[in-house]
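Residues in the sequence shown are numbered consecutively from 2, following our numbering.
Idealized CB from N, CA, C, for every residue including glycine.
The structure appears below as structure tokens.
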Amino acid sequence: MKPLLPLEEAQRRIIAMAQPLPSETVPVGEALDRYLTEDLIAKRNQPAADMSAMDGYAIRFEDRNGPWQLVGECKAGSPPCPPIKPGQAARIFTGALLPDGADTVVMQENVERDGDKILLTSDPSPAKGQHVRYQGGDFQAGDVALKAGTQLNAAALGHAVIAGLGSVCVGQCPKVAVLSTGDELVAPGSDTKPHQIPASNDVMIAAMLAQLPVRSRSISGIKDNIDDLCTALESAKDCHVIVTIGGASVGDHDLVAPAFKKLGGETDFWKIAMKPGKPLMAGKLGDSLVLALPGNPGSAFVTATLFLLPLIRYLAGALAPMPVMQTANTNTALPATTQRAEFLRARLDDTGISTFGSQDSAKLSILAAANALLFRPAHSPEQPIGAAVSYIAI
2 MKPLLPLEEA
12 QRRIIAMAQP
22 LPSETVPVGE
32 ALDRYLTEDL
42 IAKRNQPAAD
52 MSAMDGYAIR
62 FEDRNGPWQL
72 VGECKAGSPP
82 CPPIKPGQAA
92 RIFTGALLPD
102 GADTVVMQEN
112 VERDGDKILL
122 TSDPSPAKGQ
132 HVRYQGGDFQ
142 AGDVALKAGT
152 QLNAAALGHA
162 VIAGLGSVCV
172 GQCPKVAVLS
182 TGDELVAPGS
192 DTKPHQIPAS
202 NDVMIAAMLA
212 QLPVRSRSIS
222 GIKDNIDDLC
232 TALESAKDCH
242 VIVTIGGASV
252 GDHDLVAPAF
262 KKLGGETDFW
272 KIAMKPGKPL
282 MAGKLGDSLV
292 LALPGNPGSA
302 FVTATLFLLP
312 LIRYLAGALA
322 PMPVMQTANT
332 NTALPATTQR
342 AEFLRARLDD
352 TGISTFGSQD
362 SAKLSILAAA
372 NALLFRPAHS
382 PEQPIGAAVS
392 YIAI
């Protein structure tokens with residue numbers, strides 16, 4: 002019997018099958034969740050000049066004990082007010098440019114005003130540079146604001162704009178087709194007979210893909226018929242990635258591999274040394290990458306987390322596409338593993354990480370209650386309560 006492919010090798014091979022898609026330039030307001038394909042270089046200093054971080058009064062530190070003569074007012078969005086001379090102060094507001102001669106801001110709560118005379122009331126006296134944001138204190142023109150491979154979340158988009166960018170260079174969005182097979186599947190919300198199951202995997206995988214920059218479409222309701230499956234696969238060949246759910250094993254009604262072969266597909270690997278998710282298959286059909294996920298929900302979720310999502314990230318421009326492993330102490334004693342790596346549905350809280358008693362991959366209730374996949378490498382020794390273990394947050 003051919004040995005199962007180790008998990009890490011399978012992950013390397015799925016990435017080796019692919020090439021990142023070409024870049025495109027898009028307006029920054031349309032770049033949410035996209036991956037930068039080149040370093041983003043700041044075009045301006047931030048702040049552009051010394052400015053106030055508080056509402057108060059701009060003074061010279063040499064005159065820190067006051068009193069001061071009020072000589073002007075500095076507003077945000079206005080040119081700087083006239084220079085400050087010894088013994089003088091200017092009313093200043095948050096974000097306003099600091100006038101020449103001033104180097105410190107006294108908070109308005111720490112002074113009293115009597116006409117144009119300002120008196121310090123706090124103790125001690127202000128420190129030099131207090132409440133001043135200096136020119137380039139955040140970043141300077143020419144700095145790398147964001148590195149290539151960064152996924153642009155809300156904060157990163159704000160950073161791009163404040164750095165002077167109106168558009169960004171990002172990877173294209175992969176086109177993905179999700180094919181769901183099985184005579185037993187019916188549309189969500191339908192009345193079901195005992196032999197039928199609502200097609201939950203379609204919704205689950207689509208939701209996982211929605212977290213990434215993809216253009217996806219679903220082809221559902223494919224019966225366990227090789228001609229129907231071939232027709233569906235052919236209809237998806239315009240996509241960069243074709244994902245099938247179910248029918249990836251070796252039963253009489255598991256038709257993904259035979260249909261794939263009939264259409265001239267090239268299999269790269271099939272069957273992984275992991276649990277759940279052993280019957281995963283990957284290959285190419287024309288220019289499309291094909292990933293055949295198992296049909297049990299737990300298996301589909303785990304294999305999508307470890308293979309599908311990293312593949313999409315890589316195609317879209319991510320430099321580190323694999324899921325991030327973190328560490329926690331286990332609240333559950335863990336038995337030794339065999340030749341298959343295991344991903345146990347688990348719950349992480351401030352006491353540590355706890356696995357569920359049942360790991361049946363058909364039980365969506367367990368998956369819905371989990372917020373982590375506890376990773377057990379192949380051939381791991383048993384671990385007592387309190388041992389450090391690795392996990393992927395989900």
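Asked, Found
"Cβ contact check for the segment 371 to 386 and the segment 328 to 343: 3 or more pairs under 8 Å", "yes"
"Contacting residues, own chain, Cβ-Cβ under 6 Å from T356 (five flanking each side not counted)", "T333, L345, A347 and L375"
"Beta-carbon proximity of L210 to V257, cut-off 9 Å", "no"
"Simplified DSSP assignment, three categories, for K1", "The structure shown does not extend to residue 1, since the chain spans only 2 to 395, so no value can be given for it."
"Beta-bridge partners of Q89, as assigned by DSSP", "Q70"
"Environment of Q212 [buried if 16+ CB atoms lie within 10 Å]", "exposed"
"Nonlocal neighbours in the same chain, by C-beta distance under 6 Å from T268, ignoring five residues either side", "G284"
"Which listed residue (T182, L5 and G137) has its alpha carbon closest to that of A293", "T182"
"With 16 other Cβ atoms within 10 Å as the buried cut-off, status of T105", "buried"
"The segment 40 to 52 in contact with the segment 132 to 143 per 3-pair CB rule at 8 Å", "yes"
"Alpha helix (DSSP H) segments (min. 4 residues) lying fully within the segment 262 to 333", "298 to 304 and 310 to 317"
"Beta-bridge partners of A342, as assigned by DSSP", "M275"
"Backbone secondary structure at D253 - three-state DSSP", "Below a pLDDT of 50, predicted positions are generally treated as unreliable, and D253, at 47, falls in that range; the measurement from the model is reported next regardless. D253 falls in the coil class under three-state DSSP."
"Residues that DSSP places opposite D228 in a beta bridge", "In the DSSP output, where bridge partners are listed per residue, D228 has none listed."
"Start-end ranges of the alpha helix (DSSP H) lying completely within the segment 154 to 216, minimum 4 residues", "155 to 163 and 201 to 210"
"Whole-angstrom distance between I198 and K238, CA atom to CA atom", "28 Å"
"In DSSP terms, what M18 is bridged to", "For M18, which the question treats as bridged, DSSP gives no partner whatsoever."
"Unbroken beta strand (DSSP E) run spanning A370, endpoints", "No beta strand (DSSP E) holds A370; the alpha helix (DSSP H) holding it covers L365 to A370."
"Nearest-angstrom Cα separation, counted from L307 out to P324", "7 Å"
"Nearest-angstrom Cα separation, counted from I246 out to P259", "15 Å"
"Segment contact, 8 Å Cβ cut-off, at least three pairs: the segment 88 to 105 with the segment 60 to 75", "yes"
"Cβ-based burial, T26 [other Cβ within 10 Å; buried from 16]", "exposed"
"Per-residue burial, Q340 [other beta carbons within 10 Å of its own, 16 or more giving buried]", "exposed"
"Neighbourhood of Q20 by C-beta, 7 Å cutoff - its chain only, sequence neighbours within 5 removed", "none"
"Enclosing beta strand (DSSP E) for A28 [first to last residue]", "Looking at the sequence itself, residue 28 is Pro, so the reference to Ala does not match. From DSSP, the beta strand (DSSP E) with P28 extends over S24 to P28."
"Cβ-Cβ distance between S200 and L186 below 9 Å", "Checking the displayed sequence, the identity of residue 200 turns out to be Ala instead of Ser. Yes, Cβ-Cβ distance for A200 and L186 is below 9 Å."
"Cutoff 8 Å; reference G299; Cβ partners in own chain excluding five residues on either side", "P277, R346, Q360, D361, S362, A363, K364, L365, I367 and L368"
"Residue from G358, S123 and P28 with nearest C-alpha to V1", "Past the edges of the chain, shown from 2 to 395, lies residue 1, and the structure says nothing about it."
"Bounding residues of the beta strand (DSSP E) (the contiguous stretch that carries M108)", "T105 to M108"
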